[in-house]
Amino acid sequence: MDRCVGSMPLGRKDSLSTPSKHVADSELPPSTADVDSILNLFAGIDMTIEESVAIMGSHSIGVTHCNNVLSRFDNENATNANMDPRFQTFLRVVCPEFSPTSKTAEATFVPNDQTSLIFDTAYYDDSIAGRGNLRIDSEIGVDPRTRPFVEAFAADQDRFFGSFSSAFVKLSSYKVLTGNNGVVRGVCDKVD
Numbered sequence: 011m012d013r014c015v016g017s018m019p020l021g022r023k024d025s026l027s028t029p030s031k032h033v034a035d036s037e038l039p040p041s042t043a044d045v046d047s048i049l050n051l052f053a054g055i056d057m058t059i060e061e062s063v064a065i066m067g068s069h070s071i072g073v074t075h076c077n078n079v080l081s082r083f084d085n086e087n088a089t090n091a092n093m094d095p096r097f098q099t100f101l102r103v104v105c106p107e108f109s110p111t112s113k114t115a116e117a118t119f120v121p122n123d124q125t126s127l128i129f130d131t132a133y134y135d136d137s138i139a140g141r142g143n144l145r146i147d148s149e150i151g152v153d154p155r156t157r158p159f160v161e162a163f164a165a166d167q168d169r170f171f172g173s174f175s176s177a178f179v180k181l182s183s184y185k186v187l188t189g190n191n192g193v194v195r196g197v198c199d200k201v202d
């Protein structure tokens, strides 16, 4: 990742309150988010469409828990037209139809892409091929606003890294505490 993210602004202050996973998660878009909602969200942080598609490349690493995949199979939210049928079968086998709120759905997961431990452009290859775990992962590969960038990033990792770097700096600068708000912590996980 050191090749990807360039110069980061230093001196960001931390909150005076104890870190909260619940609060942090509440800032994330839902697993059912579509291209429109993602582009609107990131436009509010002054990201271009290219940067928005690039920051979605963070899905290149890690896993998706089944409770976030199950909505892909609801009749109400079904957006499977963009999904490779073999990949859909794979998801149905790995994430059988249990309640999205069950402990099993929270504990069971699928890799985000074919190289889920490497920050690379495989996410974009999968998106083009209809192998996206989440709705947004599939839709950015076919939406006419985002597909050109998905294709460009799939073909040019350096371009992806450059766009991701720009987007990451914008995202990390969102809601920065200034003035008397917040503190610079001596120990990152402890409130001074």
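If you use my numbering, the sequence shown closes out at 202, no skipped numbers anywhere.
Ideal Cβ positions, reconstructed from N, Cα and C, are used throughout, including at glycine.
Taking the runs of the beta strand (DSSP E) that are 3 residues or longer, which of them lie wholly in the segment 24 to 80? Complete beta strand (DSSP E) runs here, min 3: 73 to 75.
What is the DSSP secondary structure of N87, reduced to helix, strand or coil? Its pLDDT being 48, under 50, N87 is placed unreliably by the model, and nothing is read from it.
Among A139, V79, I59, the one whose alpha carbon lies nearest that of F159: I59
Taking C-alpha atoms, which residue in G54, V179, D147, Q124 lies nearest to T42? D147
Going residue by residue through the segment 128 to 190, where are the continuous alpha helix (DSSP H) segments of at least 4 residues, counting only ones entirely within it? Those alpha helix (DSSP H) runs which fall completely within the segment 128 to 190 and span 4+ residues are 132 to 138, 145 to 149, 157 to 165, 167 to 182.
Using three-state DSSP, classify P95 as helix, strand or coil. helix
Compare the Cα-Cα distances from D153 to each of T125, V45, S36 and report the closest residue. V45
Mind checking which residues open and close the beta strand (DSSP E) that includes P106? Looking at the DSSP string, P106 is not in any beta strand (DSSP E), and its letter there is neither H nor E.
Presumed contact (8 Å Cβ cut-off) between F83 and R102, rounded CB distance: 7 Å
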